[in-house]
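Have a look at the structure below before the remarks.
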Amino acid sequence: MFGRLIFPKRLLTFRQLQIVKLKRGISSEIQRTDAQSGESTNAVNTGVIQKTDEETLMYFDNVYPRATSLWRPTQWYNFLLTNQSREAVREKIMKLASPPNNPITGLELRATIATQRDGGVFATFLVPPEYTKAEVNAKIQQNTERESSKSIISFFTKVAAFPVKGAPWYEDLRRLPSNTIRIEFEDKALTEEELYSLFRRYGTIIDIYPPTAKDPTATIRYRSFRGAICAKNCVSGLEVNNTVLHVKYEPIIRGHVIRDFFVNHPRIAIPLIFAFLSIAAVLIFEPVREFSIEQKISHTYTLSKDNYFVQKILSFTSSTMSSVKHLWGVNEAEPEQRQLWQERRELVSDLKLWLEENNNTFVIVTGPRGSGKHELLMKHTLHERSNVLYLDCDSLVKSRTDSKFLRTAAHQIGYFPIFPWLNSFTGLIDLTVQGLTGQKSGLSESKETQFRSMLNTAMMSIRRIALKGYKADVESGHGQSTIKEEDYLQQHPDKKPVIVIDRFTNKAEMNGFVYKELAEWASILVQMNIAHVIFLTESVTPNQLLAEALPNQVFKFMTLSDATKESARSYVLSHLQDNFPPPKNDDISYHPKLYVEDIDRALEPIGGRMLDLQAFVRRVKSGESPSEALDKMVEQASEQITQMFLSEKSDTTKTAQAWELITMLAEHDSINFKDVFFKPLFKSSPEAGLLELEKNGLITVTRNRGVLNEIRPAKPLFKAAFAFLTRDQQLSTVLKTGYLLRLINFETNRIKKWEEELRMLGNVTDQKLFRSRLTYLASKIEASNAIVKDCEDQAKRIASGS
1 MFGRLIFPKR LLTFRQLQIV KLKRGISSEI QRTDAQSGES TNAVNTGVIQ KTDEETLMYF
61 DNVYPRATSL WRPTQWYNFL LTNQSREAVR EKIMKLASPP NNPITGLELR ATIATQRDGG
121 VFATFLVPPE YTKAEVNAKI QQNTERESSK SIISFFTKVA AFPVKGAPWY EDLRRLPSNT
181 IRIEFEDKAL TEEELYSLFR RYGTIIDIYP PTAKDPTATI RYRSFRGAIC AKNCVSGLEV
241 NNTVLHVKYE PIIRGHVIRD FFVNHPRIAI PLIFAFLSIA AVLIFEPVRE FSIEQKISHT
301 YTLSKDNYFV QKILSFTSST MSSVKHLWGV NEAEPEQRQL WQERRELVSD LKLWLEENNN
361 TFVIVTGPRG SGKHELLMKH TLHERSNVLY LDCDSLVKSR TDSKFLRTAA HQIGYFPIFP
421 WLNSFTGLID LTVQGLTGQK SGLSESKETQ FRSMLNTAMM SIRRIALKGY KADVESGHGQ
481 STIKEEDYLQ QHPDKKPVIV IDRFTNKAEM NGFVYKELAE WASILVQMNI AHVIFLTESV
541 TPNQLLAEAL PNQVFKFMTL SDATKESARS YVLSHLQDNF PPPKNDDISY HPKLYVEDID
601 RALEPIGGRM LDLQAFVRRV KSGESPSEAL DKMVEQASEQ ITQMFLSEKS DTTKTAQAWE
661 LITMLAEHDS INFKDVFFKP LFKSSPEAGL LELEKNGLIT VTRNRGVLNE IRPAKPLFKA
721 AFAFLTRDQQ LSTVLKTGYL LRLINFETNR IKKWEEELRM LGNVTDQKLF RSRLTYLASK
781 IEASNAIVKD CEDQAKRIAS GS
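Each residue of the sequence shown is one higher than the last, beginning at 1 in full-length UniProt numbering.
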């Protein structure tokens, strides 16, 4: 309810209500029904304001703050103003209507009805006997205008009083005041002049829209809300020219400014809203992402083995178990001594020493595939550190879709939350805007930009981790009060996180930008001296990319090679001797239940590749004999070679090249580059073919001053696999036949190309001009034809089994 109905002390009877002469009142049937039912809240209390002939009804505006919305913000505003209780308002109206300096003798305020929505009050006065109703109304208007003008802020608080001519309908509908009113006529409509003369007294009128054939109502627009409010409350229900006027507010039709702005200005609106969303995302999600990356590196609030408290518990339990074993006479060797040979222990010591130095640490660890770079670094060098971030380039560059790439990168960095679907959504919006405006909106970000943003966020988290103890160190007095952050990092290299970037190279079929971005990011970390960076690569080719990213930095190189025969033998026996009684007389070669001779024979083809040695140890521990383990490993390696390089799905030329190298390396430990240079399959582009096979892991090519020199199997076990493929009769028959067919196809295509050239030269009138070229082509065709004939003969012999 927007107000409260206040009745006079003398209640009116039903008979008296019936004789009240109002132009608009309550239906007699409604009143009779209320009286018969004895309802406590009747129609008089809820809608129409009634008065007798001895009373006058005045409307006072600007008494309350006017409501501007359905949420009624004036409720709290009333408490900030002067006392606006019912008694205070009645006293205020009485002072305005009958002030002490000009009182109306005998004037009595009978009732007040507040319309807080409109900001006014209906007041019912008892007309004194010595005055007429018209005289009382005139005096009340004059007194109100004079008294309300005395206030200092009368421009805002001035109150006006108007006699109520109609039958005001007190309602609490959800209709807000407006500066436009609509008049409905029960009979003949008033003219524009009549409307102006009737409604102008309540305020300045801007325009009048008289009734039309389509719209029988009239509309009046005032300059201010006050004029429309007073006209609605004072005129509604008035009878003029035998027609009753019904006045109501015209709803304010507010234009959808925001919607229209977006519809009419997509070039500006769409980028603007995404700019606001980006700002909100930065303010909300960026701190969360930095915290998530910190947890990924430091594991402060996780239950992994890298957590500080978990490490303390594991350290206590492991030390307790070691003491118990010592009491029982069990001597447990140190993990590093059991799992590494002497050369690698020295490499581990060097790596730890480099991480403890004060200089900027930028380490490149190289070694062939399977040499154990990852295990050496993560398991033996950094296993005691809790601030390590590991990034695998291989999983990044092999991500097929943008969303998969972003999810993989976010998972490795610890960047959370991430919304990869948003990239597709903005891309769709970008296409839509381009279709509408002809220009791209620039909303969609490439995966390169988003990956760079992830790295920048990670850089902030890494810096915070590195400087975590800086403030406490300075405040505790351990350092000088003026110590700089750079000096603190220089004095505490152990506080800096270690960033490990594995499988780093400089070429990739897709997502090749990852290497450049990581190289530049790592260079910034080292230059800022907030992290140690270690790259794991299989070759020295990425060095140029790293040198460009960090031209003034001296790199530390470490190369992992295959173990020597002695080291490999010692490594294998040190792992297998736990399954057997200890050696007698400190003779490591004595194993009663293990044939050392068989192990030596098995290790000869396996070589010193770390992963192969570990696989051999696992097989022997599982119960296989050394010879059985070797045979299974050779068979597995040959199957891998067949599937990767000799399958029918592979490129025909590449498959033939792979088989030709396999047959040559099966007989020799290495072959020279010049032995391959003039082979038909390699003759067109020998370097490209060899480098492709090296990249895929079939061979290893050594270089002499940048020139290809020797060709070897990618790992020692592959030589045994090559020999297995060539010696196995059934398998060799299939593979060699396939090779011959591919070679025939290769030479046939060459012959077709030369024949096409001969056909074109045959149309030349003077053949003497191209005699030398014709002779050259004829010799080439003859040589290729001889190769085809020889391959066909070999294929026939293989098919016949001879």
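Cβ atoms here follow ideal geometry from the backbone N, Cα and C, with glycine treated the same way.
{"Item": "F677, DSSP secondary structure in three states", "Value": "helix"}
{"Item": "Sequence-distant residues of the same chain with beta carbon closer than 6 Å to F504, five excluded per side", "Value": "C393, F535, T537, P542"}
{"Item": "With 16 other Cβ atoms within 10 Å as the buried cut-off, status of W341", "Value": "buried"}
{"Item": "Beta-carbon proximity list for K468, same chain, < 8 Å, skipping 5 on both sides", "Value": "K495"}
{"Item": "Pairwise C-alpha distance: V388 and L327", "Value": "Residue placement at L327 is poorly supported in this model, since its pLDDT is 42, which falls under 50; the coordinates are not used for a value here."}
{"Item": "Contact between the segment 200-215 and the segment 261-268 (3+ Cβ pairs under 8 Å)", "Value": "no"}
{"Item": "For N179 and R223, the rounded distance between their alpha carbons", "Value": "7 Å"}
{"Item": "Local conformation of R407 per DSSP, three classes", "Value": "helix"}
{"Item": "Spatial distance of L176 from Q412 (CA atoms)", "Value": "58 Å"}
{"Item": "Beta-carbon spacing of V263, V247 below 9 Å", "Value": "no"}
{"Item": "Where N137 sits in the DSSP three-state scheme", "Value": "helix"}
{"Item": "Segment limits, alpha helix (DSSP H) that includes H575", "Value": "565-576"}
{"Item": "Beta strand (DSSP E) runs contained entirely in the segment 364-406, provided each spans 3 or more residues", "Value": "388-392"}
{"Item": "Run of the beta strand (DSSP E) containing M58, from where it starts to where it stops", "Value": "55-60"}
{"Item": "Simplified DSSP state of G120, which is helix, strand or coil", "Value": "strand"}
{"Item": "Best match in V363, F225, T381, E357 for proximity to R344 [C-alpha to C-alpha]", "Value": "T381"}
{"Item": "Between the CA atoms of A656 and V348 - distance to the nearest angstrom", "Value": "42 Å"}
{"Item": "Bridge-paired residues (DSSP) for K248", "Value": "R182"}
{"Item": "Candidates F291, R182, K565, E192: closest to P251 by CA position", "Value": "R182"}
{"Item": "Beta bridge counterpart(s) of D207 as assigned by DSSP", "Value": "R221"}
{"Item": "C-alpha gap between E782 and G608, whole angstroms", "Value": "47 Å"}
{"Item": "First and last residue of the uninterrupted alpha helix (DSSP H) at residue 887", "Value": "This structure gives no information on residue 887, because the portion of the chain shown stretches from 1 to 802."}
{"Item": "Residue of R569, L396, K632 minimising C-alpha distance to E517", "Value": "L396"}
{"Item": "Host alpha helix (DSSP H) of L545 (start-end)", "Value": "543-549"}
{"Item": "Close Cβ partners of L611 (< 7 Å) along its chain, the five nearest in sequence each way excluded", "Value": "G370, G372"}
{"Item": "Where residue 816 falls, given that 16 or more other Cβ within 10 Å makes a residue buried", "Value": "Any answer about residue 816 is impossible in this case: the structure gives the chain only from 1 up to 802."}
{"Item": "Proximity below 9 Å, CB of I104 to CB of V121", "Value": "no"}
{"Item": "Close-in-space but distant-in-sequence residues of the same chain around D187 (CB under 7 Å, 5 per side omitted)", "Value": "N242, T243"}
{"Item": "Whole-angstrom distance between G166 and I49, CA atom to CA atom", "Value": "10 Å"}
{"Item": "Candidates P497, H299, F125, L613: closest to I465 by CA position", "Value": "P497"}
{"Item": "Pair within 9 Å by beta-carbon distance, I711 and V734", "Value": "no"}
{"Item": "Endpoints, beta strand (DSSP E) assigned at D502", "Value": "498-502"}
{"Item": "Beta strand (DSSP E) segment containing V533, residue limits", "Value": "532-537"}
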